[in-house]
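Line order of the protein sequences matches chains A and B.
Sequential numbering from 62 applies to the first sequence in the numbering used here.
Sequential numbering from 426 applies to the second sequence in the numbering used here.
C-beta atoms are modelled at their ideal positions from N, C-alpha and C, and glycine is treated no differently.
Here the structure is laid out as structure tokens; the discussion comes afterwards.
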Amino acid sequence: DQQVKQNSPSLSVQEGRISILNCDYTNSMFDYFLWYKKYPAEGPTFLISISSIKDKNEDGRFTVFLNKSAKHLSLHIVPSQPGDSAVYFCAASAREADGLTFGKGTHLIIQP
Amino acid sequence: NAGVMQNPRHLVRRRGQEARLRCSPMKGHSHVYWYRQLPEEGLKFMVYLQKENIIDESGMPKERFSAEFPKEGPSILRIQQVVRGDSAAYFCASSRTGADQPQHFGDGTRLSIL
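Structure, rendered in structure tokens:
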């Protein structure tokens, strides 16, 4: 049973445009959400997080939106750059120190 | 991913041998987590440790797998009597104590079972 779902295995976006990556979850106990970026043969790199008391968090080009009633979060990257091409993982936990439950990832491809 | 150090990067074992994977957390981090990633899958949580204590091992297989984080030295994930299905990338992460302290990952150990 997949508790964190990323339904788009891949996404292609033109350089300079907005990339929107989506994530749905089923476990209503999840309270802490994170996005990671991963290049081949490397470990995931932390991008941005959000706790359930907020509905938006921004860090530079990255913004995460959380809709608790819909159990949905999204990551916006504006503007998209070639170096953003990677696999993006959504992750969640019930408490911040818990082990994370990951989605299967979305491969983002930024077209020049 | 500088900071969390995992070694070896690649490990080849024959069926029935033991595999030992090491993880040194980032400086100042007292929480260590191990995850496993199969091809085309997301990372699956295995175990969460603090110094000398296992906090949550709900993701660990019941047999052949064990983990420790001793008072001195790295955390070790040990797999005894390996089988082909243990072939995967094993990632370690660490974090600080406190609110909004995300986990930071190492570059993983790729385990191949012949």
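- In this structure the region 435 to 451 of chain B does not lie against the region 112 to 124 of chain A, because fewer than three pairs of beta carbons, one per stretch, are closer than 8 Å.
- Taken atom to atom, the span from the alpha-carbon of residue 536/B to that of residue 431/B is near 12 Å.
- Excluding residues up to 5 positions away in sequence, 126 lie with their Cβ nearer than 6 Å to the Cβ of residue 117/A in the same chain.
- Interface criterion met: the Cβ of residue 470/B is under 7 Å from a Cβ in chain A.
- Relative to the Cα of residue 129/A, the nearest Cα in the group 173/A, 120/A, 72/A and 92/A belongs to 92/A.
- Inclusion of residue 73/A and residue 170/A in the CB contact set at 7 Å is warranted, their separation being smaller than that value.
- For residue 455/B, the closest C-alpha among the options 465/B, 470/B and 494/B is that of 494/B.
- With fewer than 16 other beta carbons inside 10 angstroms of its own, residue 87/A counts as exposed.
- Taken atom to atom, the span from the alpha-carbon of residue 532/B to that of residue 168/A is near 18 Å.
- Per DSSP, the beta-bridge partners of residue 438/B are 538/B.
- Taking a Cβ-Cβ threshold of 9 Å, the residues of chain A close to residue 533/B are 102, 103 and 104, in chain order.
- The straight-line gap separating the alpha-carbon atoms of residue 110/A and residue 150/A is approximately 12 Å.
- Residue environment for residue 528/B: buried (at least 16 other C-beta atoms within 10 angstroms of its C-beta).
- When the alpha-carbon of residue 142/A is set against those of 89/A, 68/A and 76/A, the nearest one is in 76/A.
- Within the region 450 to 508 of chain B, the runs of beta strand (DSSP E) that reach at least 3 residues and sit entirely inside it are, in chain order, 456 to 462, 468 to 475, 478 to 481, 490 to 493 and 500 to 504.
- Taking a Cβ-Cβ cut-off of 9 Å, the neighbours of residue 157/A in chain B comprise 520, 523, 524, 525, 526 and 527, given in sequence order.
- Around the beta-carbon of residue 471/B, 16 or more other beta-carbon atoms lie within 10 Å, marking it buried.
- Ranked by Cα distance from residue 477/B, the options 506/B, 522/B, 507/B and 492/B are led by 492/B.
- A Cβ-Cβ contact shorter than 7 Å links residue 461/B with residue 515/B.
- For residue 132/A, there are no neighbours in chain B by C-beta distance under 8 Å, as the nearest C-beta there is about 17 Å away.
- DSSP lists 107/A and 150/A as the beta-bridge partner residues of residue 97/A.
- Only residues of its own chain outside the window of five on either side were considered, and among them 472 have a CB closer than 6 Å to the CB of residue 482/B, listed in chain order.
- Following the DSSP letters along the chain, one finds residue 172/A inside the beta strand (DSSP E) bounded by residues 167 to 172.
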